[in-house]
Each structure stands twice: as structure tokens, then as C-alpha cells.
Amino acid sequence: MKLSRVFLGQKQLQLPRPRQLKIVNIPLKKHDICLQLQVPNVDLYPERSERMVLNSTHLKSANVSAVQKAHLELKTFEEQSRVEVGVIERFFPGYLADGVRICFAAWLAFICAVDDILECLSPSDGEAVLYRCIGMLRNNHKINTKGRAPDTEVERLTRLLYDHSRLHLPAGVCDVFFKAICEILKAHIAEFHFLDGQTTHDLSTYMSMRRRTIALDPFFEIIKYMHLPKSWRRKPTWKKLQEEVCSTAGLQNDLLGLEKDLENGDGLNSVLVLLRNEGWATLTTVTLKCLQSVFLWSSRCTMRVP
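Numbering-wise (my numbering), the sequence shown opens with residue 4 and increments by one.
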């Protein structure tokens, strides 16, 4: 599938053509290695208007200001909230409804906070918290309050995300949004099982989770629901595109976080999954071989994205 133009509602975006690649350097300073990752330069730009400019001190768009104001109702830490809104504006520059971008920023803030909390919980506590949050999203944030909640902060954030999304999105869009979020929370549960040895410990199993925990699916599902004909939403081509983008993002995120994960011995990294299967070798030829395998997988995924 080759695309040169993309339509979101009545807005037309143009993709750069011919396709260009840029180099992203990922230094592993403690190991005197610099990874050079080739990624496509796929900036979207408007067909007939100026590009939007956003920085931490000035928002040059009435729409961006509206998104920022709504996001501050969710999150009072202003500088961080500006970063999150900036990320959404960078990838969705004014072509989606304000309510959608408001909820995209809320989702970004939510999943970053929850990721940090889950890292501090035991597998059993993390699993219990996630199941409660899934129940909240499925049942109008009403849950069975019997038993002790291992972490009430995740539940508070889930309730906040639920109410915020209901305020800014139509009911049908909310249902699609929450369903996609539940699938991501299920993938985090699967990660706990993976770390506990309850599932096969190989790269294929890991990637089946990673392409979900990279947390891009809610963006895809809302855009498909709002901008694609119903008969197109489940077409294999779109599903494959979504999987390739999520796999690429997950692998590249693993490479960016590799040095930290090597230092902490984090098992949720594609390179370390391969290393563990090689007997937890140190940064030697075996490690470089594992790095090469992940690079090749990432490159194949990247080049399959139109």
C-alpha cells in the first residue's frame, strides 16, 4: 500500500515523497557503543497552510490553547502538561477535533504515569490493580470495592481519565477509546505473566505484548472510527499497518531505553529477552548479535510502513 496523500475529515495532508531516511543516534555511553538507527522522515505537512509552531512558552494556535486549557483541568503540573500537549500537536497537528486531541493528551499523561507506578508493584499487586481498572472502564468506573486495593493511585487516574474522556468525546467514540485502552491494560497483565515465567519466554511472545503496551492503539482506533467508512475499519490492510507501526515504535523505544534497562536488568526489552535466552551474557559478541537481530526486525517493520 503506497500513500502520498492522507485525508482526515475535510483536511488533506501530504506525505513527503520520495521517502527519506534520517539517522537517530542512540549512545550506550557506559559501553562505548553508538547505535545508528535509520528511521523514515515522515513529517506530515498541510497542503495549503503554514505549519503550526509550539513551544513551552507560547502556543501559537487557538485550537492548541483550547487543548492545553482542557488538559490543565486534568493535570495541574503545567510544564509537563505542555510537553504532553506538544507531543500530541506534533503528531496530530490541528487536523483532529479538539475533544479528540484533549483525550489523546490525557491518554498520554495517564499511560506514562501508570507505567511508572506498575514498575514499583509486585506482579500480583500489579495484576490486581489492572483488573480493577479494566472493570472501571467497562462498567462506568464502578468496581467491586471488596478487598484491599494494592494501589489506589492507578484507580484514581483511571477514574479521572474516564470522566475526562466522557466530558470531551461522544459516547460511541468513548466506547471505542476505552475498549482499546482495556486491551493495553491486558497486555500489561500479560507482561507480569511473562516476567513470572507463566508464558513462553521468546521474542515473538514479547512482541505480541510490546506492540500493545507501546500504547498507540487508542489513537488508531479513534481515528479509524471517526474517519474511515465502517466497512474499512476491519480491513486486513489497516490492521497490518497498525501492527507494523506499533511494532516499529515498540522496538525503537526498547533501543532508546536499552542502556537504562541493561543497568537495571529489566526483562521487558527486546534485546534483553534475546540475551536472557542466551544465558544473560554480558555486553559481548552475543549482545551485539542480539542487538543486530532487534535492529533487523525494527528495520523490516519500518520499511513495511508506507
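Each residue gets a CB set at the ideal place from its N, CA and C atoms; glycine is no exception.
When the five nearest sequence neighbours on each side are left out, the beta carbons in the same chain lying within less than 6 Å of the beta carbon of Q245 are those of F223, in order along the chain.
Under DSSP, C37 takes part in a beta bridge, and its partners are P30.
Nearest to I26 by alpha-carbon distance, out of L275, L164 and C37, is C37.
Around the beta carbon of L121, a 10 Å sphere encloses 16 or more other beta carbons of the protein chains shown; the residue is thus reported as buried. The three-state reading of DSSP puts L271 in coil, since its state is none of H, G, I, E or B. Secondary structure of K238 (DSSP, three-state): coil. Looking at the backbone, the Cα of I114 and that of E186 are separated by about 13 Å.
One alpha carbon belongs to L261, the other to R279, and they sit about 14 Å apart. For L24, the three-state secondary structure derived from DSSP is strand.
Looking only at S125, V179 and K33, the smallest Cα-Cα distance to H196 is reached by S125. Around V276, the same chain offers H204, D205, L206, Y209 and G270 as residues with beta carbons nearer than 8 Å, after the five sequence neighbours per side are excluded.
When DSSP states are grouped into helix, strand and coil, C123 belongs to the coil group. Relative to the Cα of G138, the nearest Cα in the group K189, R93, H167 and C123 belongs to K189. D119 is classed as exposed because its beta carbon has fewer than 16 other beta carbons within 10 Å across all chains shown.
Three or more Cβ pairs closer than 8 Å define a contact, and the region 104–113 meets that threshold against the region 167–187. The closest CA to that of L160, considering only L172, L140, G175 and A174, is found on L140.
DSSP, reduced to helix, strand and coil, places L188 within a helical segment of the structure shown. Comparing alpha-carbon positions, the option among L172, G268, S273 and L259 lying closest to K32 turns out to be L259.
Here the alpha carbon of I226 sits roughly 31 Å from the alpha carbon of T155.
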